[in-house]
Amino acid sequence: MKQKSIGAFFGGAGTKAGAKQEAVKDAKPAKPESKPKTKPEPADPASDQDNEADAASRPARKRLRRAVIEDDDDAALAVASKPAAAETAAPQQPTAAESELEDKDATMTDAPAATTKGAAAAPTAAAGTPAKSAAPAEEPKADGGGPGTASKPAAPIASIFQRPAVRKAAAAAAAGGSPAPGNAKKSGGGAGAAASPLKASASPAKAGKGAAPAGAATSTRDAAGGEEGKAAAAAASPASKKDKTKARAPKVEKAGEDGEEGEEAEGSEADPISDSDDDAGGDVNELLPEGAVGGGSGKKAKAKKAAGRIKSGKGAQMEGVGTGALAAASKYKEQDISAVISWKEGQPVPYSLLANTFEAIAGTTKRLEIVALLVSAFRAILATNPPDLLPAVYLCVNRVAPAHTGIELGIGEATLIKAMCEATGKNEASIKKSYEEHGDLGVVVVGARSTQRTMFAPPPLTIASVLKAFQNIAQTTGTKSGDQKRGMIVKLLVAAKGNEPGYIVRSLQAKLRIGLAEQSVLVALSHAVHLHRGGPAALKQPDVKLAEALEAGAQVVKQAYSECPSYDVLVPALLEHGSTDLLSRCHFMPGVPVKPMLAKATNGVGEVLEKFTDIEFTVEYKYDGERAQVHVLDGGKTVHIFSRNAENNTPKYPDIVSRIKGLLKPEVDSIVFDAEAVAYDPEKKKILPFQVLSTRARKDVAVDDIKVQVVLFAFDCLYLNGQSLLHKPLTERRAALYGSLTEKEGELLYASYKTSRDVEELESFLNESVEAGTEGLIVKTLGDTYEPSKRSSHWLKLKKDYMEGVGDTFDVVPVGAFFGKGKRTGVFGAYLLAVYDPDTETYQTISKLGTGFSEEQLSQLAEAMRPHTIPQPRHYYTWDESLVPDVWFDAAVVWEVKAADLSISPRHKAALGLVDPTKGISIRFPRLIRVRDDKSPEDATSAAQVADMFRNQAVIRQQKAQDNQAGDEGEDE
Amino acid sequence: MFEARITQGAVLKKLVEALKELVTEGNFDVSSTGLQLQAMDSSHVCLVSLALREDGFEHFRCDRNMAMGIHFQNLSKILKCAGNEDTITLKAEDNADQLTLMFESSNQDRISDFDLKLMSIESEHLGIPDQEYSAEIKMPSSEYQRIVRDLTSIGDTVLISATKEGIKFSTSGDVGTANVTLRHNTTPEKPEEQTIIDLKEPVALTFALRYLNNFAKATPLAPVVKLSLTKDLPIVVEYQIGELGAVKFYLAPKIDDEDQMGEDEAQS
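Chains as they are written, first to last, in full-length UniProt numbering: chain H, 1 to 973; chain R, 1 to 268.
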């Protein structure tokens with residue numbers, strides 16, 4: 001390949017040069033010495049001489065790859081192994097061997113250990129690296145690291161046009177990534193980092209099974225409460241978190257025994273605070289109502305309780321998050337954010353910061369690590385240019401505006417492919433071919449660069465400029481908008497360097513898919529802002545204190561976001577005033593919809609009564625329609641209707657909008673109420689099933705054209721006359737609702753309800769509800785608050801389906817299909833269904849669906865699904881090799897299916913790791929009920945829900961078995 | 001205050017037609033020496049450099065240097081309203097947010113004026129050095145237009161090689177391959193029909209035909225086009241617009257096919 005270049009390559013010659021440097025160094029183990037020298041880190045020389053294993057292990061890692069922060073776990077691991085390594089290097093190695101590390105991982109583990117003896121480890125470590133950088137060849141980032149791509153030196157770019165001209169211009173043009181040694185280093189680092197997380201995640205996880213718990217125990221004893229011990233224990237637990245529940249439980253117990261006067265206990269104590277992102281959260285709060293934040297007594301008991309819960313399978317993740325807080329706290333202290341800052345203070349933050357962070361995040365599945373990575377990036381932004389934090393947050397959650405504004409990305413593949421052709425100079429055929437090969441346009445675009453040189457390298461992308469461009473793209477409408485959008489995308493792609501275009505393309509598709517859940521972003525946001533506002537003082541606090549503060553802050557931020565889901569409000573408020581009184585600044589307001597409170601599934605009246613033994617509750621009809629959150633302002637002059645996804649549904653229901661004013665009681669100025677919009681037959685005065693409602697037009701509905709009439713069933717009131725009612729109990733909210741609206745036949749009714757504890761009465765009410773054409777009942781505790789966006793245990797749904805086995809239907813995403821045979825030739829004979837796991841952002845197969853279709857339905861479904869066919873499964877699908885469908889589908893539609901029961905399955909991957917470490921859960925005998933147009937694939941039944949249902953089923957079966965046994969015995973007598 | 005008057009309005013019309021497909025927007029930089037434009041296409045692959053000399057206009061006045069951000073599609077819409085024989089006057093106040101275009105028909109019986117909203121476009125001035133080229137070829141602009149048009153129907157990229165034999169354009173595509181060779185030829189009496197190859201050293205470069213074909217939209221502006229080639233440098237396609245000035249198109253080369261394939265393999 002030619003080395004001389006005049007123009008900048010699209011690929012960003014700088015980055016590639018960086019990658020090459022990396023590759024060259026990797027290839028020549030003889031040279032590793034030069035690397036630390038070219039990248040002097042003040043800490044290095046000192047720590048080289050330091051005897052501490054922790055410090056000594058670091059230079060070794062530096063040579064392996066340019067460590068940013070993602071490998072802090074390694075550090076912790078190294079610490080864990082420290083005592084052993086220090087006493088005798090030998091015993092440690094067998095341990096590593098025992099834990100069945102692969103060769104290369106073994107090299108890794110050896111390296112830090114060996115470094116304590118001398119520098120001999122360096123070549124070994126370096127030798128290990130190329131293998132690793134080659135390994136993740138499928139990942140988009142690999143192209144940066146792959147030896148093949150490397151090439152043109154950065155300097156010649158400047159040499160052509162820029163040099164004779166203005167030097168400054170040259171620097172500016174190339175700035176973001178390339179010529180300056182510092183920058184080149186950085187991009188090289190990016191490539192290194194790209195390769196590293198895989199390793200990082202691989203090794204501690206593996207070690208976690210065997211070596212780490214042991215190491216943790218040792219070090220806890222040895223270090224006796226020292227910093228290292230804590231860090232080790234804390235780091236070890238998230239590692240093992242991914243492992244069996246079994247492995248987890250004993251370890252916590254051990255930690256509890258070891259005592260440390262509650263360091264671990266402290267960790268588990270933090271649990272109830274930390275778990276809100278977990279569905280099981282509610283339960284725990286109930287379990288540990290008092291003294292959760294309180295003093296020293298009963299810590300052990302709590303630790304045991306935590307262990308107990310883990311055994312029972314619930315709260316699986318909480319333990320990790322709790323100790324995680326401690327680990328996070330100590331991690332943040334080690335973070336050197338100046339290392340990632342390559343731009344001047346006050347200057348717009350380059351997009352490469354985020355791209356590299358995404359890259360690292362994609363390489364790990366550990367939430368703790370993900371948050372730490374994000375915190376590092378956010379802190380870097382805060383330290384230099386705080387206004388860029390808001391756009392950065394938007395880019396991280398892959399949105400451009402609050403959900404209710406309806407401004408969304410989601411650019412089609414065709415447009416993107418065209419734009420990619422234009423930006424890269426490749427022809428469409430080759431792009432498509434590569435797409436078929438990789439199945440991810442992000443990968444394609446990173447690989448497709450560099451067949452065409454550019455005249456002048458465009459200025460590097462900044463976080464703010466990328467978001468601005470995204471917003472413009474999302475908001476472009478009208479004639480020729482397609483061309484305009486494409487032009488804007490081309491501009492972005494041309495300016496993107498290294499791994500940036502991959503993330504830009506994925507973001508544009510609204511499929512970032514790096515395993516970055518919004519909750520993690522919120523936690524990282526709160527932590528970063530806390531550390532930023534607290535300054536160095538915050539970092540000097542003891543771990544426990546810092547962890548507590550971080551946890552509390554995260555809690556507040558999550559709460560604030562659930563009540564006011566708009567980063568435009570949240571981020572500035574948080575930046576300015578911190579989290580202390582955030583809730584008073586960032587609260588529910590009409591016009592900004594909250595995500596609705598959701599109900600958990602149950603298996604029957606018995607379970608309800610059991611769960612709500614001493615709690616007052618009420619039951620309501622569960623109407624079969626579409627959730628509608630109605631926001632009324634100015635006495636009815638302004639009305640907004642939002643869907644369950646906080647989408648603006650106002651244009652869909654002009655009829656409702658027009659009638660609201662007449663239904664308000666005179667003293668009502670503003671109100672937000674929760675309701676279900678249900679199709680209605682005004683002649684027969686009967687409600688109609690959901691399928692009828694779904695035939696209604698979605699956009700630009702004119703009142704005169706409406707064929708399907710709708711009635712609103714109101715059941716909750718969230719806001720009244722300037723006052724948020726979210727924190728008021730249901731009794732009060734209900735009273736407010738009844739006091740502000742007037743019922744009117746065919747327009748607005750209150751949901752039918754009954755308050756009773758009698759089993760028979762409830763059963764008959766359930767039957768009534770089914771006869772009335774609803775889905776069943778919702779059971780609500782009367783004394784609890786409205787919990788936006790939560791599937792809360794204060795609301796339970798009781799569906800008619802429960803009588804047939806499973807408590808609820810499943811919302812699944814068809815991800816593949818099998819060709820039909822015989823009569824079904826020409827259509828799909830069976831579909832492969834998946835559920836969504838928001839934590840890992842993956843779709844996990846749950847069942848094959850092949851029965852219960854009518855012929856007409858079969859061809860309709862085939863017709864509907866064909867456009868979603870994709871050549872390759874998405875990289876975020878999890879399936880089993882033994883069950884590969886003939887065609888794959890993009891995750892685009894949601895089907896509601898009913899199933900007989902749930903079972904552990906080796907061939908399906910739903911809730912993998914949540915119930916069984918290697919097997920997933922499948923549903924048996926699924927039948928399609930309907931296509932859910934109102935749900936997006938991300939709203940499909942979640943893996944955690946599946947796991948919950950499975951456990952519930954097990955419990956119920958056990959009970960039934962016991963009952964039967966008791967019955968049998970009775971008969972015997 | 002800026003004011004420029006040009007008798008052959010058609011030139012301006014043709015000019016903007018030639019540019020509008022290539023660049024969506026750019027700054028007209030006006031100064032006392034004339035009007036200049038430098039703009040790149042959205043993918044930064046080609047650059048248009050336009051320089052119109054002050055003395056090429058019938059009347060030219062510019063009190064203060066300024067940059068007028070032009071959206072070329074919009075400017076084209078307005079210029080379409082001008083007759084080919086019209087005299088066109090461009091006018092703008094200092095720091096104005098619009099450019100006034102006045103069209104006068106040749107016999108003064110019809111006068112129309114249009115205001116074009118100006119845009120604010122960030123642009124750094126990119127310095128393009130004067131360059132010694134390995135090969136400079138002058139040929140009839142219609143000949144250039146024909147070659148690139150013909151080749152575009154065959155392939156996506158063209159290899160332009162200048163040797164002692166002449167200048168060869170080759171492409172290949174699904175249909176097959178195509179080669180067009182022009183020889184040094186000074187026989188025609190009119191200079192604009194001659195093909196003059198000034199070769200210092202042989203050179204061969206690959207370019208995307210799409211852009212070269214786009215440049216040919218400037219054919220009506222000048223009878224002769226000059227191509228300048230140097231190894232690993234952009235090609236320059238230059239049209240002299242009479243006494244008024246010149247428009248130069250720069251296009252960065254593609255990476256050679258073999259390299260491209262090798263790279264593809266390496267990447268995949």
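The beta-carbon is built from N, C-alpha and C at its ideal position, and this holds for glycine as well.
Contacts that residue i makes with chain H (C-beta to C-beta distance below 7 Å)
| i | result |
| --- | --- |
| R/PRO253 | ARG453 |
| R/ALA208 | GLY425, GLN452 |
Cβ neighbour criterion (16 or more within 10 Å) applied to residue i
| i | result |
| --- | --- |
| H/MET589 | buried |
| H/PRO917 | exposed |
| H/SER342 | buried |
| H/ARG932 | buried |
| R/MET1 | exposed |
C-beta contact flag for residue i and residue j at 9 Å
| i | j | result |
| --- | --- | --- |
| H/GLY553 | H/SER579 | yes |
| H/GLY776 | H/LYS790 | no |
| H/VAL701 | H/TYR680 | no |
| H/GLU863 | H/VAL812 | no |
| residue 1012 of chain H | H/ALA628 | It is not possible to answer for residue 1012 of chain H, since the shown part of chain H is limited to 1 through 973. |
| R/PHE169 | R/ASN185 | no |
| H/ALA537 | H/HIS530 | no |
| H/PHE950 | H/ALA911 | yes |
| H/PRO906 | H/GLY920 | yes |
| H/THR878 | H/LYS848 | no |
| H/ILE381 | H/ILE463 | yes |
| R/GLY26 | R/ARG53 | no |
| H/TYR843 | H/ALA891 | yes |
Assumed close pair residue i, residue j - CB separation to whole angstroms, cut-off 8 Å
| i | j | result |
| --- | --- | --- |
| H/PRO501 | H/LEU508 | H/PRO501 to H/LEU508, Cβ: 10 Å. No contact. |
| residue 326 of chain R | R/PHE60 | This structure cannot speak to residue 326 of chain R, because chain R is shown only from 1 to 268. |
| H/ALA524 | H/PHE378 | 6 Å |
| residue 977 of chain H | H/LEU832 | There is no way to answer for residue 977 of chain H, as the model of chain H reaches only from 1 to 973. |
Neighbour list for residue i in chain H, Cβ cutoff strictly below 8 Å
| i | result |
| --- | --- |
| R/TYR250 | MET455 |
| R/THR24 | GLY487 |
Cross-strand partners of residue i (DSSP beta bridge)
| i | result |
| --- | --- |
| R/ASP232 | In the DSSP output, where bridge partners are listed per residue, R/ASP232 has none listed. |
| R/ASN27 | R/GLN38, R/GLY69 |
| R/PRO140 | R/VAL224 |
| H/LYS622 | H/GLY776 |
| H/HIS640 | H/HIS631 |
| H/ASP880 | None, per the DSSP bridge assignment. |
| H/ILE923 | H/LEU902 |
| H/ARG930 | H/GLU896 |
| H/THR424 | Beta-bridge pairing links H/THR424 to no other residue. |
| R/LYS248 | R/SER49, R/GLU238 |
| H/LYS418 | In DSSP, H/LYS418 forms no bridge with anything. |
| H/MET589 | H/VAL592 |
Residues that residue i contacts on chain R, provided the C-beta gap is smaller than 8 Å
| i | result |
| --- | --- |
| H/ALA423 | SER43 |
| H/VAL490 | SER42, SER43 |
| H/PRO458 | HIS44 |
Residue i: contacting residues in chain R (beta-carbon distance under 7 Å)
| i | result |
| --- | --- |
| H/ASN427 | ASP156 |
9 Å Cβ cut-off: residues of chain R touching residue i
| i | result |
| --- | --- |
| H/VAL494 | SER42, SER43, HIS44, VAL45 |
Residue i: contacting residues in chain H (beta-carbon distance under 9 Å)
| i | result |
| --- | --- |
| R/LEU19 | Within 9 Å Cβ-Cβ: nothing; R/LEU19 doesn't reach chain H, min ~15 Å. |
Heavy atom of the ligand ADP within 8 Å of residue i beta-carbon
| i | result |
| --- | --- |
| H/GLU500 | Ligands displayed in this structure: none; no statement on the ligand ADP is therefore possible. |
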